[in-house]
Each structure stands twice: as C-alpha cells, then as structure tokens.
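Worksheet for the structure shown next.
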Amino acid sequence: MPSALLRRVHAAYRRTGADLPGGDPLRAHGVAMEGYFWRITDGDEAIIALIGVNRRREKPWATMGLASRHTLTTTAHPEAYADPDRVHAAAGAAFDGDDRRLHVDLGPGARLDAVFEDLVPWPTRRPFGGSSVFHSVPRLNQYWHPWLLGGRASGSAELDGRTVEFAGAQVYAEKNWGAEGFPQAWWWGQAQGFADDAACVAFAGGVVTAGPLRTEVTALVVRLPDGTVLRLGDPVVSPVRARVTDETWDLVGRGGRWRVEVHAAAPLSAAHVLPVPLPSQGRNTAGAIEHLHGDLSIAVRRDGRLVWEGHSRVAGLEHGGLDRAEAELRRRGIPDGDGAAPRP
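Using the working numbering, the first residue of the sequence shown is number 5, and each one after it goes up by one.
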C-alpha cells in the first residue's frame, strides 16, 4: 500500500478513537470528546484541573474545571484546541496545559499556574495504554490512559480567596476520549500521598459500548515504590472485580502471579458534582460525584506474599452517571445547570 494511502487509512482509523499497538494515545484523535486531567497532591492539599475538548459540527468547544477540597469552579469556552501531535490542550486564555506546564484562569478565585519536572511517564515498552487491548477497538464510547504516574509540580493556585503555593508536590495526569462524552455509568480513582511518594494508584471502569458490543470493564494501574508498574483489567487474563457506591470503592484484581486489593471511602456530603459534556448537544450537564480527599488503602501480593501496602488520605474518587449526579444536585437543592458549566 502506498505510504500516502497508508497514512490516510491510519488517520481514519484513529478518528474512530482507536490506536494500533505501539501507537501514541496522547495525540488527539479527532473524536467527539478529548479529555485532559491533572491532579496535584501536596500534603493534605489536592487540586484537580480538567479540560474536555468537545466537537459539535466540527467546531471545538471546551468544558473546564478547577477544584480543591472545598471549592469548585466550572465553565465552558466557545473555542478549544486538542493537539494532534502531542499531549496539549488549550481554550483561549483560560486554559493551556501539556506535559511541562499548566495554566488555568477561570476568573478570580480559580487560577492555577504550575510547572512539572522529574516526570514518571507510562512505560514506553508497553504496546497499549491504560485501556490495554481495548485501545485497538474502534468507536468505543470511552478510552482511558494514565500517562503520567508521578513527577514534581511547583507553582501557585488561587482558590476561593486562598493562595496556595507548592514546590515539589506530586503530580498525576491522564487522558480520556470517546465517541460521545462519557459512558452511561463509570467509576474512577487516583491516589498519591502514600508514605513512599514513588507509589501511585489509578483505576477507571464503566460500561463500555461499541455498536452492539456492551461490557463492563475496570482497569487498575499501580506503580509500586520500586518502580514496577502493574496493569490489571483484561476481562480474561487479569480481571478486576469492582463494587462501587457513591461512598465506597472496593476492587480486587488478579493477573499472573499478582493480586491487588483496593478499598476506598469518602462521605457523599463532602463531594463535588462535576460537569460532563454532551458534545452533540453543545452543552455540559451534571455528570459525576467527585471526592478529592477520600481514604484509600491498597494491598499488593505476589504469589500470595505481601509485596506492598499503602494508605492515602487524599485520594480522588469518582462515581459517574447522569441520573446519579442530577439526583445529588436535587438533594442539595441545586438546579441542574448551577452545578455544571453553562452552554458555550
């Protein structure tokens, strides 16, 4: 096949959201939603920044958010950019983030500037990312890749009247993308802040669909203190069983000689309600219950022997679903729309 034709075929394949083995999932695919997420952990402080670059009739627009334990600011922007060559997303002067720096300005009380160094990226020797073999399946409603499992962040944030400065904080970053925003239901978690700061835990699960295909999958990624990276979640060879509520996350994964157990909890009363985009409708809506300071414990065993166990009090924990998030807003007496970003 001529090289020019091969490139066009490959580009068309990537526009379905899929990547070939050894491909780069960080490059924008051109699907309905490309999501970028950073999480900074510094002692008892945890800050998240997110941007979704969404497409409606080929015109990109953004879902943006900045949150700490007690504050959440979300908004939309009528212009957005997802880089087709590297990990990089932007929305005018409000948001600009890549693998080295992050700038967020959502107005007074919602600003962040950070630079990153000593990065600990996803192992390059692996043919797939966080979604494993599902990365190669076209037109899934959601793909997930935790591309940064550690590093150092320095900078400052303005959060609802507070100025927070940090140096040498821990940083984590991931990317998710798909055909129409988010699955019907999903769950997610991420934790650093362990006694050994080389450790990192991340998981993501949900109802995955592609045409008539429908299955429930949970991916679990652990970076051990010695640098070993485990990835469980292939339904046949390394399944992960997840039991999730709005306040508890219990996972058990097995693969090869490994067994990993994760138990996490956080009170619903302390959660934020995050927006998610509805790309085809050109708007955001309440979509996820998000905790920034949950308790997470993990135990990792190999051949039945305990290899590592850890505990974090600053875990990020999420339980997603449009009906669930809207019900929580109603319980709090907040009309849907006040807890999510406005139409761009």
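From the three backbone atoms N, C-alpha and C, an ideal C-beta is built for every residue, glycine too.
Only a predicted model underlies this, so the values are computations on that prediction, with no experimental measurement involved.
Own chain residues within Cβ distance below 8 Å of residue i, not counting five before or after
| i | result |
| --- | --- |
| Pro283 | Ala36, Met37, Asn58, Arg59, Arg60, Glu184, Gly185 |
| Ala223 | Gly134, Ser135, Ser136, Trp148, Phe207, Ala208, Gly209, Arg235, Leu236, Gly237, Val244 |
| Gly182 | Gly21, Val35, Ala36, Met37, Leu144, Asn145, Gln146, Tyr147 |
Three-way DSSP call (helix, strand, coil) for residue i in this model
| i | result |
| --- | --- |
| Asp201 | coil |
| His107 | strand |
| Val13 | helix |
| Leu255 | strand |
| Pro125 | strand |
| Gln188 | coil |
| Leu144 | coil |
| Ala8 | helix |
| Gln174 | strand |
| Phe138 | helix |
| Leu88 | With the sequence shown as reference, residue 88 is identified as Pro, and Leu is not the correct amino acid for it. Three-state result, Pro88: coil. |
| Pro283 | helix |
| Arg261 | coil |
| Arg18 | helix |
| Val225 | strand |
| Arg306 | strand |
| Gln196 | coil |
| Pro29 | coil |
| Phe207 | strand |
| Gly133 | coil |
Beta-carbon proximity list for residue i, same chain, < 6 Å, skipping 5 on both sides
| i | result |
| --- | --- |
| His92 | Asp102 |
| Ala344 | Model confidence at Ala344 stands at a pLDDT of 43, short of 50, so the residue's coordinates are unreliable; what they give is reported in the following sentence. Answer for Ala344: Pro279, Asn288, Thr289, Ala290, listed in chain order. |
| Leu153 | Val124, Cys204, Arg227 |
| Asp307 | Arg261 |
| Thr77 | Leu70, Leu110, Ala114 |
| Pro150 | Gly134, Glu178, Ala206, Val225 |
| Gly286 | Arg60 |
| Val266 | Leu255, Ile302 |
| Leu310 | none |
| Pro131 | Pro25, Gly26 |
Residue range of the unbroken beta strand (DSSP E) whose run includes residue i
| i | result |
| --- | --- |
| Ala361 | Any property of residue 361 remains undetermined from this structure, which presents the chain solely from 5 to 348. |
| Ala53 | 49-60 |
| Ala183 | Per DSSP, Ala183 belongs to no beta strand (DSSP E) and is neither H nor E. |
| Phe41 | 37-46 |
| His33 | His33 -> no beta strand (DSSP E), and no H or E assigned at all. |
| Ala80 | 76-81 |
| Val248 | 244-248 |
| Phe99 | 99-102 |
| Gly69 | 63-71 |
| Val233 | 233-236 |
First through last residue of the alpha helix (DSSP H) which encompasses residue i
| i | result |
| --- | --- |
| Ser158 | Note, Ser158: premise wrong, no alpha helix (DSSP H); beta strand (DSSP E) at 156-163. |
| Ala331 | 326-336 |
Neighbourhood of residue i by C-beta, 7 Å cutoff - its chain only, sequence neighbours within 5 removed
| i | result |
| --- | --- |
| Leu321 | Gly193, Trp253, Ala268, Ala270, His295, Gly298 |
| Arg104 | Val119, Phe120 |
| Asp122 | Gly155, Arg156 |
| Thr45 | Ala173, Gln174, Gln196, Gly197, Val318 |
| Asn180 | Gly39, Gln146, Tyr147, Trp148 |
| Arg247 | Asp254 |
| Ala329 | Val277, Ala290, Gly291, Ala292, Ile293 |
Proximity below 8 Å, CB of residue i to CB of residue j
| i | j | result |
| --- | --- | --- |
| Leu110 | Ile51 | no |
| Ala53 | Val108 | yes |
| Gly21 | Leu217 | no |
| Ala32 | Asp100 | no |
| Trp126 | Pro229 | no |
| His139 | Asp28 | no |
| Ile293 | Val264 | no |
| Tyr176 | Arg43 | yes |
| Ser242 | Arg261 | no |
| Pro281 | Gly56 | yes |
| Leu30 | Arg90 | yes |
| Val211 | Pro239 | no |
| Val168 | Ala214 | no |
| Trp191 | His14 | no |
| Leu300 | Ser316 | yes |
| Ala84 | Trp65 | yes |
| Gly314 | Ala202 | no |
For residue i, the residue or residues it bridges with in DSSP
| i | result |
| --- | --- |
| Thr359 | Nothing about residue 359 can be reported from this structure: the residues present for the chain run from 5 to 348 only. |
| Ser301 | His267, His315 |
| Ala274 | Partner(s): none; Ala274 has no beta bridge. |
| Thr167 | Glu162 |
| Ala290 | Pro279 |
| Val119 | Arg105, Ser158 |
| Leu152 | Pro125, Ala177 |
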